[in-house]
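First up is the structure itself, then whatever we jot down about it.
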Amino acid sequence: MTRNEKELDNIWALRKALSRPNYAVMELLLQKSPRTTKELYSILEKKFTRKTLIITLRELSLDLNVIQPTHIRTNTGYGLGYKLNPKVKNIIKSVQKFSKIIESGRSIS
Numbered sequence: 004m005t006r007n008e009k010e011l012d013n014i015w016a017l018r019k020a021l022s023r024p025n026y027a028v029m030e031l032l033l034q035k036s037p038r039t040t041k042e043l044y045s046i047l048e049k050k051f052t053r054k055t056l057i058i059t060l061r062e063l064s065l066d067l068n069v070i071q072p073t074h075i076r077t078n079t080g081y082g083l084g085y086k087l088n089p090k091v092k093n094i095i096k097s098v099q100k101f102s103k104i105i106e107s108g109r110s111i112s
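Under the working numbering, residues 4 to 112 are what the sequence shown spells out, in order.
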């Protein structure tokens, strides 16, 4: 059995989507969507490298279909941007809710 086969279980896609850089992009798009690629880079450049952000956008759009590329009107024409897949918005909100429940349970113990 290879390493990749061992890592894939029933929630592998959720784990991948909830990695730090992936979740940071999804959280920004949850606040305001769509956003340009340049805008995402400028906000997240202090937390992650440019290479990490490029890989993150590729994973979220091509591999996981979490974000969808879209054209955004700019001052000079149109630019590339991303918006959240509508189905994923509810999932992110649920994950945030579950996280609060788990955190509150942890503080009681």
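Idealized CB from N, CA, C, for every residue including glycine.
Pair within 8 Å by beta-carbon distance, residue i and residue j
| i | j | result |
| --- | --- | --- |
| V69 | N88 | yes |
| L47 | R38 | no |
| G84 | T40 | yes |
Separation of residue j from residue i, as counted between CA atoms
| i | j | result |
| --- | --- | --- |
| R76 | I105 | 41 Å |
| K54 | L43 | 13 Å |
| V91 | S45 | 24 Å |
Best match in the options for proximity to residue i [C-alpha to C-alpha]
| i | options | result |
| --- | --- | --- |
| P24 | L63, L83, P72 | L63 |
Nearest-angstrom beta carbon gap, residue j and residue i [assumed within contact, 8 Å]
| i | j | result |
| --- | --- | --- |
| V28 | T79 | Going by Cβ atoms, the distance from V28 to T79 rounds to 24 Å, so no, they are not a contact pair. |
| L67 | A16 | 6 Å |
| K86 | Q99 | With a Cβ gap of about 19 Å, K86 and Q99 do not count as contacting. |
Span of the alpha helix (DSSP H), counted from its first residue to its last, around residue i
| i | result |
| --- | --- |
| K41 | 40-47 |
| P37 | Segment: none, P37 is in no alpha helix (DSSP H) and carries neither H nor E. |
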